[in-house]
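Novice: Have a look at the structure that comes next, please.
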Amino acid sequence: MINLLFLLFTSNYVAGVCYFPVEYQGIFATQSSISTISEGSLHQYSQVTILPDAIPVWGVCHKKFNNNVILRDPTAGDDCFRCFQISLHSRNVIQIYTEGLNKCYSTELAAHQTCPTLHSVKTKRASEIMLYKSRSFTQDGLIDRVFCPINGRFRFTYDVNDGTESSVECPEATSELSNCPRGSELQLRFRRCSFGELNMGLRCLGDWEGHEGHKYLALWDPAVTTDTQPRYRCAMYSVESATGRVFVSFSIDATCTNHLHSPWDGYEAMVLTPLPPPTPPTILHTTACAFPRWAQGSWQHLQIDAKELWVQDDGADKKYQTLCLSQHAPHGERYALYSKTQCGDEEFSCIWIKKRAVNVIEYQMAAYPSAQYNASRVCSDDMFRGQEWSTQGRLDPENLSGCPITGEYTGVIPDAQELCARLSSVCSDPQHMHYTVHSCFNHSEIYEGGGDAMVVDGGSGGHPGAGGESHRRRRRRRRGGVYRVWDPRALLGTRGTRHALRHAPRQLSWAHGRAAELGWSADAQFTTIGAQPRRRERPTKQIYVFRNDEIHTPSPQAQAQAQAQTQQEPQVMGQTVGTTRLPYPHERPFYFRVEAQESAWAHLRGQDPVTIEEREYRCLGQWSEGGVMYTYTHRRDVDTYECFAGVVVNTNEIFIIEAGTSCKRGLQPLAYGMKLVRQATCSEIEARSSNPPTSLEVTSLPPWWPPTTKNTWIKKTVTTNTPTWNNEIARAAHSSSTRGCSELLLMLTLLLLAAL
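Here is the structure:
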């Protein structure tokens, strides 16, 4: 009887879950009003926070595939789903397309059919939402600096196309623009313009290529403090290769669509003409050399031609254009350079380039550049003493070799014994491998990457549909845009040191804590483009039964007693007991941490499978040094580059440790790395994937997909009274059927308890 009662509670609610990578998380600003020329510009912004598992403005992460994510909004009692196309253009800029925030669908399948396509984006049938990061979840909360794609010193003309006059505001090319002294900031000096003289600075947030092939640039004006001027700007730009001229046009506001049509047609337009370069020193006419063919090409921060090299130094916020002067020992790997910054500053230096693989090189720059060329000293050993290697991957890799592992390996995270990892190669494509982190107690919920697994919520305590109070709240009609997020999932714990293979769980609690410290609040009001004004309901607080208590599913009597206790102590935010508590999301803050005596992952024991993180890597090359194998990879799910150091004990056992974006030396994989043991060979994986379980009807699963993973594309059959001809929820009249089911469930529960 008890088992039957438990099944009644657990079968009531089934939901998917997915997680956003760390690179997506932060506090963002988005424009909340549309600017028009006729009515004047009023630039207002709202805050949007991306947490590891939710965007509270719109819902909880339910499923991810490619760039699309389906968010589940359970705030009105019934789950509704929306599809968003989310593109990470830089560390500070996210562009979102969606059908609209005023439409929500009763089924995941119906929402999936509305996911934006390339056609809907190009024809502007999909709504655009631009997110500009204002605070990060790092210790200092600052956003990253991004180097400007418009590089150097220019003079420009300027024109505002507001329809009020036909004259050009700055007709003469006397105004100046440069990214000096910081390469991540544009300094503009308007001169001889109709509105007088003006100086302003714009910080580059990121640049990308749009669907139509145009190049875009996002800018932030930190000096703007009023609503009359735009704080964030979106621009298109084009570089004329023959002359070096740059054509730039701006939208009227923070969107990338409002009065912005091409690099030559926008609300504001500029034509930048580069200043002539300074006369090069005479030494360039008497000496010259060439870089090796294996080094030539486009790399992450290097562009190498036969005699010229461009290097972007993010640490110094500078970009150097260099010419090869002479080749030096050892092994002819050092090259004396004449270098010039984007601001025109000249110096002589040296670069040391080593070939690690066909698609991987490493370089060091001389520590002491000089104003005079000294052939015997410029590339001496003293110039590189104490310098570290910077690893670079080729942007267009060629002749890719396979990853150093084949098959499937598993292991335990050393500094989080409750977490396990799986590293598997794609046997049909040996240049790729997949890495997942999951709870050692189970294996399916995905916290980072493409989370396609389904998870059963094993208790009713965290579900808003359980209990009379939640039932009464369902009757309230909610209209328009923003709802509270009811999903109570949070993995709570303290922030630890980043391990060899950094995993999202440590970032999970850290992100929520930093979000609260930086001013994010679950009770904040949000207004977003395309949304109608909505009213937020504030439900009364409830007690959440601890997951690691002896009784996992509370009885109705316990729920009533807990509810009465909460009403007597309305100011209590959370119980400071020695356990990890999963709070209701309507308690402030949205997620918070209770210091635990036991592991932060102990509450996962006995629950359904939970996967913590998933990544996809392309191996660019590997080499051995000092008994350690270094593998440089391109992480494709977030477009970053990462290095791993490892030791292969034998074909069945390896130790690996994360070595950063540049392969850090001195690590000890055998002592501090993660031990991985091979569980299956490629032939075994292929045999397993060719014979899927009978419940899996889709045969296009990747070869590394475990046979026990539930395929979420197979929709769970649910009995509902919703008319089949209309899957769209009006958000005001879709709770009657669910209310009836809840009443029936409550009656059955009471009858079962009476039978006990």
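All letters in the sequence shown, in the order written, are residues -16 to -1, 1 to 740 by mature numbering (1 follows the signal peptide of the UniProt record, and there is no 0). Note that beta-carbon positions come from the ideal geometry of N, C-alpha and C, so glycine has one too. These numbers were taken from a predicted model, which means no experiment stands behind them.
Expressed to the nearest angstrom, what Euclidean distance is found between the alpha-carbon atoms of L201 and T375?
Specialist: Their Cα atoms are separated by approximately 27 Å.
Novice: Below 8 Å on the Cβ atoms is my guess for L256 versus C218; work out the distance and round it to an integer in Å.
Specialist: Not really, about 17 Å apart at Cβ, beyond 8 Å.
Novice: Contact between the segment 326 to 333 and the segment 153 to 168 is defined here as three or more beta-carbon pairs at a separation below 8 Å; is this criterion met?
Specialist: Yes: at least three Cβ pairs fall under 8 Å.
Novice: Quick one: give me the first and last residue of the alpha helix (DSSP H) that T270 is part of.
Specialist: 267 to 270 is the extent of the alpha helix (DSSP H) around T270.
Novice: Write down every uninterrupted run of the beta strand (DSSP E) in the segment 600 to 660 whose length is 3 residues or greater and which is fully enclosed by it, in chain order.
Specialist: Runs of the beta strand (DSSP E) inside the segment 600 to 660: 612 to 619, 624 to 634, 637 to 642.
Novice: Identify whether S104 lies in helix, strand or coil by the three-state DSSP scheme.
Specialist: The answer is helix: DSSP assigns S104 an H, G or I state.
Novice: Over the uninterrupted alpha helix (DSSP H) stretch that includes I669, give me the two end residues.
Specialist: Where I669 is concerned, the enclosing alpha helix (DSSP H) stretches over 666 to 674.
Novice: So is Q634 buried or exposed if we call it buried at 16+ other beta carbons inside 10 Å?
Specialist: Reading off the sequence shown, one finds Asn at residue 634, where the question assumed Gln. When all chains shown are included, N634 counts as exposed.
Novice: Name the DSSP bridge partner or partners of G395?
Specialist: According to DSSP, which records beta bridges pairwise, G395 is partnered with A405, L660.
Novice: I need the DSSP call for W204, collapsed to helix, strand or coil.
Specialist: It is a strand residue.
Novice: Taking all protein chains shown into account, do 16 or more other C-beta atoms lie within 10 angstroms of the C-beta of M367, making it buried, or fewer, making it exposed?
Specialist: Under this definition M367 is a buried residue.
Novice: Among residues of its own chain, excluding the 5 on either side of S120, which ones have a beta-carbon nearer than 7 Å to its beta-carbon?
Specialist: Same-chain partners within the cutoff: G10, L126, I127.
Novice: If I'm right that L203 touches R187 with Cβ under 8 Å, what's the distance once you round it to whole angstroms?
Specialist: Going by Cβ atoms, the distance from L203 to R187 rounds to 7 Å, so yes, they are a contact pair.
Novice: Report yes if the C-beta distance between I113 and T82 is below 8 Å; otherwise report no.
Specialist: Result yes, Cβ atoms of I113 and T82 sit closer than 8 Å.
Novice: Check for me: the alpha helix (DSSP H) holding L93 runs from which residue to which?
Specialist: That run of the alpha helix (DSSP H) goes 92 to 96.
Novice: Give the range of the beta strand (DSSP E) segment to which A157 is assigned.
Specialist: It spans 154 to 162 - the beta strand (DSSP E) in which A157 sits, taken as one unbroken run.
Novice: With which residues is Q171 paired in a DSSP beta bridge?
Specialist: DSSP output for Q171 lists S162, G185 as bridge partner(s).
Novice: Below 8 Å on the Cβ atoms is my contact criterion, and I expect M349 with I337 to pass it. Report the Cβ-Cβ distance as a whole number of Å.
Specialist: Not really, about 10 Å apart at Cβ, beyond 8 Å.
Novice: What residues are listed by DSSP as bridge partners for T420?
Specialist: According to DSSP, which records beta bridges pairwise, T420 is partnered with R406, E598.
Novice: Report the CB separation of Y142 from F174 in whole angstroms; it is logged as a contact under 8 Å.
Specialist: At roughly 7 Å, the Cβ-Cβ gap stays under 8 Å, so Y142 and F174 are in contact.
Novice: From which residue to which residue does the beta strand (DSSP E) around K339 run?
Specialist: Note, K339: beta strand (DSSP E), 330 to 341.
Novice: Quick test of your reading: N343 and G386, contact by CB under 8 Å. State the CB separation rounded to the nearest angstrom.
Specialist: At roughly 13 Å, the Cβ-Cβ gap does not stay under 8 Å, so N343 and G386 are not in contact.
Novice: Roughly how far, in whole angstroms, is the beta-carbon of K296 from the beta-carbon of I288, given that I think they are within contact range, below 8 Å?
Specialist: Strictly speaking, residue 296 in this sequence is Gln, with Lys absent from that position. With a Cβ gap of about 12 Å, Q296 and I288 do not count as contacting.
Novice: How is the beta strand (DSSP E) around F140 delimited, first residue to last?
Specialist: That run of the beta strand (DSSP E) goes 137 to 144.
Novice: List in chain order: all unbroken beta strand (DSSP E) runs of 3+ residues lying wholly within the segment 210 to 284.
Specialist: For the segment 210 to 284, whole beta strand (DSSP E) runs of length 3 or above, ordered along the chain, are 216 to 223, 230 to 234, 244 to 246, 252 to 258.
Novice: For residue 745, which residues from the same chain have a beta carbon less than 6 Å from its beta carbon, with the 5 sequence-adjacent residues on both sides left out?
Specialist: As shown, the chain starts at -16 and ends at 740. That puts residue 745 outside it, with no answer to give.
Novice: Hey, could you find the ends of the beta strand (DSSP E) E346 is sitting in?
Specialist: From DSSP, the beta strand (DSSP E) with E346 extends over 344 to 349.
Novice: Output yes or no for whether 8 Å exceeds the beta carbon distance between Y614 and A643.
Specialist: Contact flag set, yes.
Novice: Excluding the 5 residues preceding and the 5 following R662 in the sequence, name in chain order all residues of the same chain whose CB lies nearer than 6 Å to its CB.
Specialist: If we look at R662 and ignore the five residues flanking it on each side, its Cβ neighbours are G391, Y393, N636.
Novice: From which residue to which residue does the beta strand (DSSP E) around I18 run?
Specialist: Careful: I18 lies outside any beta strand (DSSP E) and carries neither H nor E.
Novice: Excluding sequence positions up to five away, which residues of its chain have a Cβ less than 8 Å from the Cβ of H269?
Specialist: Contacts found: none.
Novice: Going by DSSP, what residue range makes up the beta strand (DSSP E) through Q28?
Specialist: Q28 -> no beta strand (DSSP E), and no H or E assigned at all.
Novice: Taking Y625 as the reference, which of A238, D301, P381, Q284 has the closest Cα?
Specialist: The shortest C-alpha separation from Y625 is found at Q284.
Novice: Are the CB atoms of A94 and I54 within a distance shorter than 8 Å?
Specialist: For I54 and A94, no; Cβs fall outside 8 Å.
Novice: What are the start and end residues of the beta strand (DSSP E) that includes K303?
Specialist: Taken as a continuous stretch (DSSP letters only), the beta strand (DSSP E) holding K303 covers 302 to 312.
Novice: Could you say which of H195, E609, A405, N675 lies nearest to K648 if we only look at CA atoms?
Specialist: Out of H195, E609, A405, N675, E609 has the C-alpha closest to the C-alpha of K648.
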